[in-house]
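Quick note, the sequences are listed as chains A and B, same order. Our numbering numbers the first residue of the first sequence as 5 and each following residue consecutively. Our numbering numbers the first residue of the second sequence as 5 and each following residue consecutively. Structure, as C-alpha cells:
Number of protein chains: 2
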Amino acid sequence: MTTTPFSFRITHTDGHARTGFIETPHGTVPTPAFMPVGTRATVKALSPEDVRQSGAAILLGNTYHLMLRPGEALIQRAGGLARFMAWHGPTLTDSGGFQIFSLSARTKVTDDGVVFASHIDGQRVHLTPERAIAVQGALGSDIAMVLDECPPGDAPLSAIQRAMERTTRWAERQIDAPRPAGQALFGIVQGGTHTALRRQHLAQIADMPFDGIALGGLSVGEPIPEMYRIFAEIGPHMPAQRPRYVMGVGTPADLLTGIECGIDMFDCVMPTRNARNGQVFVRGGKLNIKHARFADDPAPLDPQCQCYTCRTFERRYLRHLFMSQELLIHRLLTLHNLQHYGDMTAQARQAIATGNFAAMKKDWLESGEGD
Amino acid sequence: MTTTPFSFRITHTDGHARTGFIETPHGTVPTPAFMPVGTRATVKALSPEDVRQSGAAILLGNTYHLMLRPGEALIQRAGGLARFMAWHGPTLTDSGGFQIFSLSARTKVTDDGVVFASHIDGQRVHLTPERAIAVQGALGSDIAMVLDECPPGDAPLSAIQRAMERTTRWAERQIDAPRPAGQALFGIVQGGTHTALRRQHLAQIADMPFDGIALGGLSVGEPIPEMYRIFAEIGPHMPAQRPRYVMGVGTPADLLTGIECGIDMFDCVMPTRNARNGQVFVRGGKLNIKHARFADDPAPLDPQCQCYTCRTFERRYLRHLFMSQELLIHRLLTLHNLQHYGDMTAQARQAIATGNFAAMKKDWLESGEGD
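Here it is as C-alpha cells:
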C-alpha cells in the first residue's frame, strides 16, 4: 500500500481568503476547515459517523491526554489514532505543550523539554521536543505539531520573547526527527499580540521546511480586537503555499475573521464544550436551551439548520432533556453545534470560490434570531 | 384520521410460548416483545433511531417521572409522548405506582389514592386511580396501566393481601375511566410469590374487560426460583386471548423463562442501566468492559453481535472510553445491550413460529463466551 503524501493546493482566492484541499494519508480536507476536538480519541458524546455528518473532514487529538491514557503504544498497536477511534479519516495531533502549560501541576520548562505531573495520577512525565514527535509518530496522525512553549495571555514581553526563542530552538530539533511515512509536521509561531515579535518569529519558522505554519498563543486571554489585529497583520504574510492554521480558535466570528485574513485551519472546543453547557450556536448568535422561554417552544433549535437535532426535535423537548440532565442532550446539542461550524465553513468555501466571501460573512453573523 | 384500535392476535404457539402481534394506534408490536425503558421520555443515551435499530418496537415511559417533569400537560400539547420524544411508535406507560413506592418519601396510601413527596423538590403530590388514568390519557400512550399498590418483596402475607384487595378496588374504579381513542388499559395482578393469592387475584382482574393482564410485584427482591415458579404456575392460566405482561423483568434468562410460560411482554432497566455501569450482555452471559483483561483486546464486544458498536469498535477502545468516563461509551454499550435483547426476542419469535423454542432458549443462554 502506498501512502498518499501530504500536499496542499489552493483552488480559489477572494481577497486574502483562500479555498483549497489538503491531501493526507487518511483522506482529503477541504479548506478552510474547522477541526472538532477529539481530546481523548473521541469527540465528546459523538460517534465518528455523527462527526462526519456535521461536515467535519479532520479531527484534532490531544497528545497530552492520549500519552497519559491509554498511552501512545496501545494506540499504535491498534493501528493509529484514526483506526483506534474508528474515525478512519484525517487527524491532526497537537504536541501536548498547551495542555501541559494549562492542565498540569509542577510544570518545569528547560531547553531540554518539559517535566510535569500528570493530572490523572500526579506521576512525573518528561516531554522533550523529540519525544513529542515520537509520540505523535506512534499516534499516527496525518499532521503533527511541534512542541512549543505557550506563555499565558498576560505574560510580560520578556517571557513571550523567551518562549519564542525556545520554540525556535525546539523547532530546529524537531524538523528532522524521524516521522512515519506521509505524516506532515507544522511549525508554530509565537509572539503574543506583539506585531514585531510575531513577524520576527514567523520569519524564523517559515524559514524551516515545515509542511504548514500555525499561529499559537492566541485566544489565551487577550482582547478579541488584539487577536483580530494579529490575524490581519500576520495571516496574509504567512507563506502562501503552505496551510495556515490558527490554534484553539474560536467563535464563528473568529473563524470568519481568520478566513478573511487568509487562514485555512482552525480547532476549538467551543462548539462541543458549549453544547454540554446548553449553549447552542444559531444563525446570528447563540441561545441557551435551559432558558425558561423555551419551556413550551415547539420550534427547532435553529429553523435554518438541517442537522439531525433540528430536523427531529423541538426546543421544549431539548430543554426537558437538559433540565433532566439526560445523556442524550449532549449528543443532540453537540451534533447541532458541529453542524453549525460545518455549514459555516462549507458556505465560506463556496463563497470564496464565487468571490462572495465578504457578503457571506456578514450574512452568517447578522441574520437569524440568536441573542 | 381514524385511530387503529388496539388488538392482539396470536400467530403461533410452541408449548405455552406464543408469538403474535399487538396492533396499537402508533404501530404494530411483534410479540414476545421487550420494551426498553424511556423513563423521562428518553431511553438513556439513545436517540429514537438508535432504539429502533436495536429491534425494539415499543417503549415504556414512566408516568411518575413525566408527571413531575415536564408535566403531562406539556407532553399533551406536544402531541403526546411518542411525538414529544420523536419516537413516533408505540408506547406503554406505567401508572406511577411502582416509582412512588420505591422513589418517594413520606408516601401515604389510602383507598382514595397515594400522597407522596416528589423526589425532585419535595412537593406533595396526590395520585388517585382516576388521576393515574387521566395523566396517562394526557401522555397519550398506546397502553396505559392501572394504578396498583406494589408491596415490597419481603412484605408479610397480610400486607400483600391488603395491597391485592386495594388493587382490585382501584381496578374497578379505573376500568371505566375516560381514555383517549384507541388507548388500551391493562390490569395488574399482585399476590407476591403466594400461588393461592396470585390465582385469586388473577381471577378478579381477568374478570374485568382489561385489554391485557400484567403480573406486578415480581423481581422485587424475591429469590429467582420463586419468580420462575410464579411464571410457571400463573403464566399459562392468564387469559389466552389477551397480551400477558410481566413488569420490571429482567435478565435474558428471566425473559426466556417467561416466554416459555406464555408471557408476551417485558420491560426492564437492566440492559440500559447495566450498560452505564460497563456491564455488557453477550451470548452465554455477560462481561464488564472495565476489566483489565480487555485493556489491549482487539475483539468486538460480542463476536456474534451485529450491532453498530460490535461492527465498529474494539474492546480496547471501548474500555478506554469507559475508563476515561467519556459520554460516548454510554450510547455504545446501551446500543449493544438493547440489540442483545432485540436479537434474543426476534430469535424467540422465530423459534416459536418453527416449534424450536426450547432449543433456542438453551442455545442463547449456554453458547458464547460470557462469564
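Even for Gly, the Cβ is constructed at its ideal location relative to N, Cα and C. Because the structure is a prediction, the values reported are computed rather than measured.
Span of the alpha helix (DSSP H) around residue i
i                     : result
residue 175 (chain A) : 161-178
residue 48 (chain A)  : Careful: residue 48 (chain A) lies outside any alpha helix (DSSP H) and carries neither H nor E.
residue 103 (chain A) : 101-107
residue 272 (chain A) : Run containing residue 272 (chain A): none in the alpha helix (DSSP H); it sits in the beta strand (DSSP E), 269-272.
residue 208 (chain A) : 199-210
residue 139 (chain A) : 133-143
Inter-residue CB distance, residue i and residue j (contact presumed, cutoff 8 Å)
i                     : j                     : result
residue 288 (chain A) : residue 271 (chain A) : Going by Cβ atoms, the distance from residue 288 (chain A) to residue 271 (chain A) rounds to 24 Å, so no, they are not a contact pair.
residue 175 (chain B) : residue 150 (chain B) : 5 Å
residue 260 (chain A) : residue 369 (chain A) : 7 Å
residue 27 (chain A)  : residue 11 (chain A)  : 5 Å
residue 246 (chain B) : residue 217 (chain B) : 6 Å
residue 302 (chain B) : residue 314 (chain B) : Rounded, the Cβ-Cβ distance is 13 Å, inconsistent with contact.
residue 8 (chain B)   : residue 29 (chain B)  : 5 Å
residue 157 (chain B) : residue 237 (chain B) : With a Cβ gap of about 17 Å, residue 157 (chain B) and residue 237 (chain B) do not count as contacting.
residue 201 (chain B) : residue 164 (chain B) : 6 Å
residue 177 (chain B) : residue 133 (chain B) : 5 Å
residue 331 (chain A) : residue 72 (chain B)  : Residue 331 (chain A) to residue 72 (chain B), Cβ: 19 Å. No contact.
residue 84 (chain B)  : residue 131 (chain B) : Actually they do not touch by this definition, with Cβ atoms about 20 Å apart.
Reference residue i; option with closest CA among the options
i                     : options                       : result
residue 22 (chain B)  : B:336, B:230, B:64 and B:239  : B:239
residue 60 (chain B)  : B:17, B:356, B:295 and B:275  : B:275
residue 161 (chain B) : B:129, B:282, B:197 and B:131 : B:197
residue 37 (chain A)  : A:369, A:349, A:354 and A:364 : A:349
residue 120 (chain A) : A:140, A:207, A:68 and A:294  : A:68
residue 327 (chain A) : A:192, A:298 and A:79         : A:298
residue 135 (chain A) : A:124, A:123, A:117 and A:146 : A:117
residue 294 (chain A) : A:323, A:93 and A:144         : A:323
residue 357 (chain B) : B:34, B:28 and B:11           : B:34
residue 101 (chain A) : A:49, A:220, A:208 and A:18   : A:220
residue 111 (chain A) : A:148, A:73, A:155 and A:93   : A:155
residue 211 (chain A) : A:195, A:242 and A:188        : A:242
residue 371 (chain B) : B:285, B:312, B:359 and B:325 : B:285
residue 64 (chain B)  : B:72, B:88, B:53 and B:39     : B:39
residue 255 (chain B) : B:342, B:43 and B:131         : B:342
residue 336 (chain B) : B:279, B:292 and B:352        : B:279
residue 99 (chain A)  : A:20, A:191 and A:310         : A:191
residue 147 (chain B) : B:209, B:325, B:204 and B:93  : B:93
residue 344 (chain A) : A:332, A:159 and A:311        : A:311
residue 208 (chain A) : A:180, A:171 and A:230        : A:171
residue 31 (chain A)  : A:228, A:224 and A:86         : A:86
residue 189 (chain B) : B:257, B:95, B:300 and B:263  : B:95
residue 249 (chain B) : B:89, B:159, B:269 and B:232  : B:269
residue 137 (chain B) : B:46, B:88 and B:179          : B:179
residue 292 (chain A) : A:258, A:338 and A:308        : A:338
residue 263 (chain B) : B:103, B:159, B:90 and B:352  : B:352
Boundaries of the beta strand (DSSP E) in which residue i is found, first to last residue
i                     : result
residue 338 (chain B) : First-last for residue 338 (chain B): 332-357, but that is the alpha helix (DSSP H), not the beta strand (DSSP E).
residue 310 (chain A) : Careful: residue 310 (chain A) lies outside any beta strand (DSSP E) and carries neither H nor E.
residue 18 (chain A)  : 11-18
residue 290 (chain A) : 289-292
residue 285 (chain A) : 283-286
residue 27 (chain B)  : 21-28
residue 155 (chain B) : Per DSSP, residue 155 (chain B) belongs to no beta strand (DSSP E) and is neither H nor E.
residue 34 (chain A)  : 31-35
Assigned exposure category for residue i - 16 Cβ within 10 Å defines buried
i                     : result
residue 347 (chain A) : buried
residue 318 (chain B) : buried
residue 140 (chain A) : buried
residue 182 (chain B) : exposed
residue 48 (chain A)  : buried
residue 3 (chain A)   : Residue numbering for chain A in the displayed model covers 5 to 375; residue 3 (chain A) lies beyond these limits and cannot be assessed.
residue 173 (chain A) : exposed
residue 128 (chain B) : exposed
residue 281 (chain A) : exposed
residue 106 (chain A) : exposed
residue 329 (chain B) : exposed
residue 13 (chain A)  : exposed
residue 109 (chain B) : exposed
residue 195 (chain A) : buried
residue 153 (chain B) : buried
residue 114 (chain B) : exposed
residue 228 (chain A) : exposed
request  = Inspect the CB distances between the region 354-371 of chain A and the region 71-82 of chain B and report whether three or more fall short of 8 Å.
outcome  = The count of Cβ pairs closer than 8 Å, one atom from the region 354-371 of chain A and one from the region 71-82 of chain B, stays below three, leaving the stretches out of contact.
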